[in-house]
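Chains Y and C, in that order, are what the protein sequence lines are.
Take the first sequence: its letters are residues 70 to 342, numbered as in the working numbering.
Take the second sequence: its letters are residues 1291 to 1560, numbered as in the working numbering.
Beta carbons: idealized from backbone N, C-alpha and C, even for Gly.
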Amino acid sequence: MSAVASMQSPTSSPEPTQKSTPIIIDGLRKSFGPNVILTDVTLSVTAGSAVALVGSNGSGKSTLLRCLVRLIEPDSGSISLLGDDVLSLNRAALKRLRSRVGFVFQKHNLVPRLSALTNVLHGAQGKVPSPRVWFQGLAPQHLRERALACLNEVGLADFASRPVDRLSGGQSQRVAIARALMQEPEIILADEPVASLDPEAGEQIMELLARLARDNGISLIFSTHHLEHAIEYSERVIGLRKGVLELDKPNTELTTSDLRSFYEPSRVSNESE
Amino acid sequence: MNQAVLATNPSNLPSRFERPGILSLFLTLITVWFVAYSFQGAGISLSELATGFPEMISLLSQMLPPDTSRLPRIGWSLLETFQMALVGTVIGIIVSFPLAALASRATSPHPVVYQLARAIVSLFRTVPDLVWALFFVATVGLGPFAGTLTLAVDTIGFCGRFFAEGMEEVEKGPREALTALGASRTGIFFSFIVPASLPSFITSSLFSLEKAVRSSVVLGLVGAGGIGIELKVAMDMFRYSEAAMIILCIFALVILVERVSSRARKKLLE
């Protein structure tokens, strides 16, 4: 089946602009040696919308998200993020773009031994290239206060001085979200943000991510294996199978059983037709 | 028992021991032969040990009781020894830090720089400290400065390697997260690599201090300052009870440094 050509969410304008469509991906391809990971992926995401990415392990979800900010270099295609042609950016411009995009990983990826507040403060490193944002003790007062406000947003203001090694998995992931908020992002990319959490913590994290994105007008793309999360916390679901985009529909038109086919290896899906 | 287990063909079980290949068998035999040959080369002789045993007893009896009359003088020498070890270690750690950053795959800016930094660290580590001491005594003269330089170089060899490995062993995730939010390489180094490697830095630094204290004792034997020269003079002048006192003081210093270092390590790594 061929990849889906430019899919617009029901609310998007016919002619996308940077503000209305902050993410436009066209014909994205990526291979690792002989293994083709992404094949001609084309999609766009409207401002402030939440999009879920589903697909089995190896379907290309993580690679797609990483390609968006060039943590992985794509082979071909084009990516427009917040109006920037991502693949043609030089190093400095790429850093500036990255500072506007929050990335939440499957594992929290916080710096061990440092406090929650310092880890959140690190979120400012892209926009404030100063040694003062390396540790909260050196940071300007207004940045310390903002970091604390971000921790407060995720309900962890009381844990500001606690080393992150002493936080639970759910708390650590909240700190990672606060770090992303510290960037004042216009887009958040979340790669299976609840995969390593228990169901209750996972539910809380998804609720938090979706609420923060909605309240702050942030475009959110999250990948997940929780099909209920995909439908509940997104406005639109994208399905990948072996690197090919095979589904792109509003969540209101889908049920979890529609998405299960993405986890059946041999079955050919006709979802996007 | 489970049917699936019963249905398994026992001949599929792997053999209890792997049969060695011809090459590994040959290498094993060569190794065993060389170890046996080395005993001969090392001059191991039970008869000489038996002959020398009464001499050992005699020497030990001459050492007892240890002579405390020169204790103040020994104390000052011991302080100088410790100061040499401390300053040498501090200088070594300060130099090791940037050198290790260049010698670590995780942080080195270029493969050529990496290889060069590795080569310097290897040179400092593989040349024995007594050789460095002879070199510095010949260049900067007799005394504690030569010893301090020796210990600094020795520390660079030790800490340079272990700091670099500590930097390489940090998790990859936080680096990716900081890269994703637009942090610079310098920012990632100081805000992630350094704090994440801190346990390794602390452990290596404290071991280095312990090692320097032990080394500083023998450096005096070649004139590089410290208490070693006192020990040499006492032995050369057959003042064995004084030598015994010096050995006891060295023992006390080494034990004290090890204890304090162990406590500090636990406290700092909590």
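query, result
"For a test of the three-state rule: what should DSSP assign to L190 of chain Y, helix, strand or coil?", "helix"
"So if I threshold CB-CB distances at 7 Å, which residues from the stretch 1480 to 1495 of chain C count as touching chain Y?", "F1480, S1481, F1482, P1485, A1486, L1488"
"Have a look at L156 of chain Y and L1406 of chain C and give me their C-alpha separation to the nearest angstrom.", "34 Å"
"Any Cβ of chain C within less than 8 Å of the Cβ of Q252 of chain Y?", "yes"
"Classify G1311 of chain C as helix, strand or coil using the three-state DSSP reduction.", "coil"
"Can you find a CB in chain Y that lies within less than 8 Å of the CB of P1399 of chain C?", "no"
"Find the residues of chain C that neighbour L183 of chain Y, judging by a C-beta separation of less than 7 Å, and give them in chain order.", "P1485"
"Measure the C-alpha to C-alpha separation of A1502 of chain C and L1392 of chain C and round it to an integer number of angstroms.", "24 Å"
"Kindly list, in the order they appear in chain Y, the residues whose Cβ is closer than 8 Å to that of S1474 of chain C.", "K164, Q194, P198"
"So what does DSSP say about M70 of chain Y, is it helix, strand or coil?", "Any answer about M70 of chain Y is weak, because its pLDDT of 33 lies below 50 and its placement is not dependable; what the coordinates show is given next. Coil."
"Skipping 5 residues on each side, what residues in its chain have a beta carbon closer than 6 Å to that of L122 of chain Y?", "K130, S292, I307"
"Report yes or no: is there a C-beta of chain C within less than 8 Å of the C-beta of S292 of chain Y?", "no"
"For R98 of chain Y, which residues does DSSP report across the bridge?", "Y:S145"
"Could you give the distance in angstroms between the alpha-carbon of V1377 of chain C and the alpha-carbon of T1438 of chain C?", "7 Å"
"What in chain Y is Cβ-close to G1463 of chain C, meaning under 7 Å?", "F174, K176, N178"
"Whole angstroms is fine: what's the gap from P1388 of chain C's alpha carbon to A1473 of chain C's?", "20 Å"
"Answer with yes or no whether the minimum CB distance from S168 of chain Y to chain C is below 8 Å.", "yes"
"Please name the residue, chosen from Y:K196, Y:G224, Y:S89, Y:N285, that lies closest to I274 of chain Y on a Cα-to-Cα basis.", "Y:G224"
"Alpha carbon to alpha carbon, how far is I1517 of chain C from I1364 of chain C?", "7 Å"
"At a CB-CB cut-off below 9 Å, which residues of chain Y make contact with E1466 of chain C?", "R135, L140, F172, F174, N178"
"At which residues does the beta strand (DSSP E) containing T108 of chain Y begin and terminate?", "104 to 114"
"When you compare each of C:Y1530, C:S1505, C:L1496, C:M1527 to K1557 of chain C by their alpha carbons, which one comes out closest?", "C:L1496"
"Considering Cα atoms alone, identify which of C:T1445, C:L1368, C:V1411, C:R1408 is closest to E1520 of chain C.", "C:L1368"
"Would you check if the distance between the CB atom of L1468 of chain C and the CB atom of G1477 of chain C is smaller than 8 Å?", "yes"
"Is I1472 of chain C helix, strand or coil by DSSP?", "Before going further, note that residue 1472 of chain C is Gly rather than Ile in the sequence given. G1472 of chain C falls in the coil class under three-state DSSP."
"Rounded to whole angstroms, what is the Cα-Cα separation between E315 of chain Y and S1552 of chain C?", "60 Å"
"Could you tell me the distance, in whole angstroms, from the CA atom of V1507 of chain C to the CA atom of S1531 of chain C?", "18 Å"
"For R305 of chain Y, list the residues DSSP reports as bridge partners.", "Y:V120, Y:P319"
"Within 8 Å of any Cβ in chain C, is that where the Cβ of H191 of chain Y sits?", "yes"
"Please compile the residues from chain Y whose C-beta is within a distance smaller than 8 Å of the C-beta of A1391 of chain C.", "Correct list: empty, because the minimum Cβ distance to chain Y is about 15 Å."
"Given that A1470 of chain C touches chain Y, what residues does it touch there, using C-beta distances under 7 Å?", "V138, L140, R167, F172"
"According to DSSP, is I1334 of chain C helix, strand or coil?", "coil"
"Could you check where the beta strand (DSSP E) with V170 of chain Y kicks off and where it finishes?", "170 to 173"
"Verify the contact flag: G1342 of chain C, CB atom, against every heavy atom of the ligand NAP, threshold strictly below 7 Å.", "Questions concerning the ligand NAP fall outside what the structure shown contains, since it holds no ligand whatsoever."
"If you reduce the DSSP assignment to three classes, tell me which class F291 of chain Y lands in.", "strand"
"How big is the Cα-Cα spacing for A1375 of chain C and F1435 of chain C?", "11 Å"
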